[in-house]
Amino acid sequence: MNNNLIIEQLKKQIESFKKEPEISEVGRILTLNDGVCSLSGLKDVAMGELVLFAKDKEEIFGVVLNLEEDLVGAIILGDFTKLKEGDIAKRTKKTLSIGASKNFIGRVINPLGQPLDKKGEIKYENSYPLEKIAPGVLKREPVNTPLHTGIKSIDSMIPIGRGQRELIIGDRQIGKTALAIDAIINQKQDSLKTPVCIYVAIGQKSSKIAGIVEKLKEKGAMDYSVVVSASASDPAPLWYIAPYAGCALAEYFMDKGDDVLIIYDDLSKHAWAYRQISLLLRRPPGREAYPGDIFYLHSRLLERSAKLNPELGNGSITALPIVETQAGDVSAYIPTNIISITDGQIYLEPELFYQGIRPALNVGLSVSRVGSAAQTKAMKKVAGQLRLDLAQFRELASFVQFGSDLDEATKQKIDRGQRITEILKQGQYAPLPFEKQVSILYAATQGMLDDIEVSEIKNFENKFLEHLENQNSEFLKSLRKKKDLTDELEKNLKNIIENFKKVFRK
Numbered sequence: 001m002n003n004n005l006i007i008e009q010l011k012k013q014i015e016s017f018k019k020e021p022e023i024s025e026v027g028r029i030l031t032l033n034d035g036v037c038s039l040s041g042l043k044d045v046a047m048g049e050l051v052l053f054a055k056d057k058e059e060i061f062g063v064v065l066n067l068e069e070d071l072v073g074a075i076i077l078g079d080f081t082k083l084k085e086g087d088i089a090k091r092t093k094k095t096l097s098i099g100a101s102k103n104f105i106g107r108v109i110n111p112l113g114q115p116l117d118k119k120g121e122i123k124y125e126n127s128y129p130l131e132k133i134a135p136g137v138l139k140r141e142p143v144n145t146p147l148h149t150g151i152k153s154i155d156s157m158i159p160i161g162r163g164q165r166e167l168i169i170g171d172r173q174i175g176k177t178a179l180a181i182d183a184i185i186n187q188k189q190d191s192l193k194t195p196v197c198i199y200v201a202i203g204q205k206s207s208k209i210a211g212i213v214e215k216l217k218e219k220g221a222m223d224y225s226v227v228v229s230a231s232a233s234d235p236a237p238l239w240y241i242a243p244y245a246g247c248a249l250a251e252y253f254m255d256k257g258d259d260v261l262i263i264y265d266d267l268s269k270h271a272w273a274y275r276q277i278s279l280l281l282r283r284p285p286g287r288e289a290y291p292g293d294i295f296y297l298h299s300r301l302l303e304r305s306a307k308l309n310p311e312l313g314n315g316s317i318t319a320l321p322i323v324e325t326q327a328g329d330v331s332a333y334i335p336t337n338i339i340s341i342t343d344g345q346i347y348l349e350p351e352l353f354y355q356g357i358r359p360a361l362n363v364g365l366s367v368s369r370v371g372s373a374a375q376t377k378a379m380k381k382v383a384g385q386l387r388l389d390l391a392q393f394r395e396l397a398s399f400v401q402f403g404s405d406l407d408e409a410t411k412q413k414i415d416r417g418q419r420i421t422e423i424l425k426q427g428q429y430a431p432l433p434f435e436k437q438v439s440i441l442y443a444a445t446q447g448m449l450d451d452i453e454v455s456e457i458k459n460f461e462n463k464f465l466e467h468l469e470n471q472n473s474e475f476l477k478s479l480r481k482k483k484d485l486t487d488e489l490e491k492n493l494k495n496i497i498e499n500f501k502k503v504f505r506k
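Structure below.
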C-alpha cells in the first residue's frame, strides 16, 4: 500500500515537471540599468521578441535587442524600478505590436497603445507590428496629390505631396513644431479628403504636449487626430519605440485606403534615446558615440511612408520628421543622415526668425524633391514667378543697406521682394486654404501691390481676404473646385483686386 502511494506521488511529480517550461523558455535578470537589462537563459529567444517579467501580479514587458553568446540584452517597456536583479523573465514568442482601430482617433496614448487621457479603455480590432518591412517599389504610386499645409511659403515654394517625407529642420525654439501643428489644423479646411493626423511627441515636456492637445481640441483638429506621447519623464525605451508605434497605427489607416499625416517630433531625441540604450547594451560606439546602425534606425522608419497603388487601396502616409540642429549646423551627423533619407527639407533659419520673418523659411536651403507635381495648377501659375522674385530680392537686398544709387529695374525688384516677404509672413495657428493663398500671391507676383506701402501690406492682406470671403465667396468656390486659375477666373481675380484697392485707399 505504501509503495503504491509513493509511485503515485512520483508520477504526479513527473507530470508537474513536464508542465513547467524548459530553461530555454525562462531566464533571470543578471544586470539592470536605466530600463536596460541583461538576461541569462532564454537560449532560444529571437531578436525583437517580447519577454515577460511577472512581478507582484503586475506584468512588465521587455524587448530583446541583443543576442550574445551567453547573455541576452533587452529593454524594459514600463516601470523598470519595480524590477530587481534575479527576477524571472519568460519568453512570449510574440513580437512587439500595438492595437489598431478607428477608436484611437481623438485620443492621447503612450507608445504601448494605452490611453493617457482618462477617457477609458480603447477597443481595437487587431494588432499591427511596430517593425515592418516598407512597401516595395511595385506597391507604390508616384507622389502627385497635394497635401496643403496652409502655410503660404511652403505650399507655394516647397510643396508637399501625399506619400512624401519632408524634413523640418532648424535650431530649437524657432517654430518647427508650430509648422507641423498648423499643417494638422489646416487639414480640416482642405478641399481634398481629410487625412488622419498622428502627432508623435518624443521627449517633449508633458506641459508642452498638453498645450498642443488643447490647441488641437480648440481648433477641432482632434476629431481626426491621434497623439502618441513619450514625454521627457518617460524612460528611454519608450522614446525609442514611440515613432514605430505611431507608424504602425498609420499603416492600419493606410491599409484601409485612408491618407495619413504623421509628425515625428523630434528624431534628434529619438537618436539620443537609442544611443543611451546602445551604450548600456555595451554596443561599440561610433561617430559622436552613436552606434553604427543609427542610419538604419531612421531609414527603416521613414521608408514606410508611401502612396500605395490602386490595387492596394490608394492609401498614403506622409511623414514630417522634425530634427533639431545646434547653432544651425546642418552638416552634423543625425541631420545629414535624415536629409539623405527624406524627399526634401524645410530649413528654418534663426536670423530670419529674429528679424520677425515667420515662418523663418530659408528659401535657398529648403527644397522639395517632389516639386510642382504635388501642386494644383492654380498654385503652379503663381508660384513659379514667386521663387524667382524672392531669390533675386535676397541677392539684391544687401545693396539697400548701403543706400547706393540703384537703377530703376533693380529698385523695382527690391520693392517687389519686400512686398512678397511681407505677404509670406504668417501668424501661428492661422493656416490659409489654398484658394485664398493663390489669390493673395497672385496679387503680389503680378505687381498689383507695388503701389501699396510696405508697412500697409499686412493690413491690406487681412482686409482683402476678409473681402474675398464676404463678397466673393462664389469666386473662391469656383477656384477650389477647378483647382486651376483659368483665363476667366484670372480676369475675375484681377477685377476683384483692382476694385478692392480703390476701396482700401479711401
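No gaps in the numbering here: position 87 of the sequence shown is 87 in UniProt numbering, and each next residue is one more. Here a beta-carbon is modelled for each residue, glycine too, at the ideal position from N, C-alpha and C.
Short Cβ contact (7 Å threshold) for residue i with residue j
| i | j | result |
| --- | --- | --- |
| residue 227 | residue 252 | no |
| residue 442 | residue 493 | yes |
| residue 309 | residue 141 | yes |
| residue 280 | residue 36 | yes |
| residue 197 | residue 224 | yes |
| residue 457 | residue 498 | no |
| residue 122 | residue 103 | yes |
| residue 375 | residue 445 | no |
| residue 171 | residue 325 | yes |
| residue 500 | residue 467 | yes |
| residue 366 | residue 347 | yes |
| residue 262 | residue 298 | no |
| residue 98 | residue 245 | yes |
| residue 517 | residue 307 | A question about residue 517 goes unanswered here, because the residues of the chain that appear run from 1 up to 506. |
| residue 481 | residue 312 | no |
| residue 489 | residue 479 | yes |
| residue 472 | residue 452 | no |
Spatial neighbours of residue i in its chain, beta-carbon cut-off 8 Å, leaving aside the 5 residues before and after
| i | result |
| --- | --- |
| residue 392 | 413, 417 |
| residue 323 | 167, 168, 169, 266, 267, 268, 334, 335, 338 |
| residue 568 | The question about residue 568 has no answer, for the chain in this structure spans 1 to 506. |
| residue 152 | 423, 424, 426, 432, 437, 440, 441 |
| residue 127 | 97, 98, 99, 100 |
Residues that DSSP places opposite residue i in a beta bridge
| i | result |
| --- | --- |
| residue 144 | DSSP output for residue 144 lists no bridge partner at all. |
| residue 169 | 323, 347 |
| residue 59 | 54 |
| residue 49 | 95 |
| residue 307 | 316 |
| residue 126 | 100 |
| residue 368 | 344 |
| residue 39 | 29, 72 |
| residue 264 | 200, 321 |
| residue 227 | 108, 199 |
| residue 163 | DSSP, once it has assigned bridges, lists no residue as partnering residue 163. |
| residue 66 | 73 |
| residue 115 | 109 |
Buried versus exposed call for residue i [16 or more other C-beta atoms within 10 Å across all chains shown]
| i | result |
| --- | --- |
| residue 31 | exposed |
| residue 155 | buried |
| residue 388 | exposed |
| residue 275 | buried |
| residue 173 | exposed |
| residue 577 | What the structure shows of the chain is the stretch from 1 to 506, and residue 577 is not part of that stretch, so it cannot be assessed. |
| residue 74 | buried |
| residue 147 | buried |
| residue 243 | buried |
| residue 177 | buried |
| residue 135 | buried |
| residue 289 | exposed |
| residue 278 | buried |
| residue 383 | buried |
| residue 85 | exposed |
Neighbourhood of residue i by C-beta distance below 7 Å, restricted to the same chain and skipping five residues each side
| i | result |
| --- | --- |
| residue 78 | 60, 61 |
| residue 504 | 460, 463 |
Cutoff 6 Å; reference residue i; Cβ partners in own chain excluding five residues on either side
| i | result |
| --- | --- |
| residue 484 | 377, 378 |
| residue 305 | 165, 317, 319 |
| residue 194 | 187, 224 |
| residue 95 | 48, 129 |
| residue 287 | 333 |
| residue 80 | 35 |
| residue 132 | none |
| residue 258 | 196, 315 |
| residue 27 | 39, 40, 41, 42, 89 |
| residue 216 | 222, 225 |
**Study point:** Cβ contact check for the segment 150-162 and the segment 362-373: 3 or more pairs under 8 Å
**Key:** yes
Check your understanding: Would you say the segment 195-212 touches the segment 230-248, given that touching needs at least three Cβ pairs under 8 Å?
Key -> yes
Practice item. Kindly confirm or deny that the segment 176-196 and the segment 426-437 touch, where touching means at least three C-beta pairs closer than 8 Å. Key: yes
Check your understanding: Should the segment 105-123 be called in touch with the segment 80-89, which here means at least 3 C-beta pairs below 8 Å?
Key -> no
Review point. On the three-pair Cβ rule with 8 Å, is the segment 293-300 touching the segment 345-360?
Key: no
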